[in-house]
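Have a look at the structure below, then the notes.
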Amino acid sequence: MKEATLFLIQAPYLHIEKICKDLTQMAQANDHIVMMSDAVLGINHMIIETYPNLYCLESDSALLSDDLKTRVKCIDYAQFAQLALQFKRCISLK
1 MKEATLFLIQ APYLHIEKIC KDLTQMAQAN DHIVMMSDAV LGINHMIIET
51 YPNLYCLESD SALLSDDLKT RVKCIDYAQF AQLALQFKRC ISLK
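Numbering (full-length UniProt numbering), first residue to last: 1 to 94.
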């Protein structure tokens with residue numbers, strides 16, 4: 001089990017900016033973050049630089065711009081389940 005926290009971000013497009021601001025107030029650089037659905041649209045270079053352990057689901061990867069696709073780890077549902085099982089703490093932001 002990892003001591004870092006797993007953040008699951010699943011916010012509608014309207015709330016992405018607020019959720020990303022909340023994330024920066026709560027998350028540490030070694031935490032792992034999974035962006036899902038519309039939240040993928042909130043991924044930017046600042047978030048990638050701050051949080052190197054950033055994931056999105058393969059089903060949402062079409063929402064990523066081409067320059068971000070190489071820096072965000074795209075995972076399938078089985079990999080997502082394996083990732084979630086590695087953590088003692090999980091926080092969901094919606």
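Backbone N, C-alpha and C fix where the C-beta goes; we use that ideal spot for every residue, glycine too.
Just so you know, these numbers come straight off a predicted model, no measurement behind them.
Cβ neighbours of residue i in the same chain (closer than 6 Å, five flanking residues each side left out)
i: P12; result: D38
i: S92; result: L8
Per DSSP, cross-strand counterpart(s) of residue i
i: V34; result: L8 and Y55
i: L93; result: I9
i: I75; result: L57
i: K2; result: F87
Option nearest residue i by Cα separation, candidates the options
i: N53; options: A81, L14, E17 and Q28; result: Q28
i: L57; options: Y77, A4 and I48; result: Y77
i: S59; options: I75, S92 and E3; result: I75
Nonlocal neighbours in the same chain, by C-beta distance under 8 Å from residue i, ignoring five residues either side
i: L69; result: At residue 69 the sequence reads Lys, which differs from the Leu that was named. These residues qualify, in order along the chain: S61.
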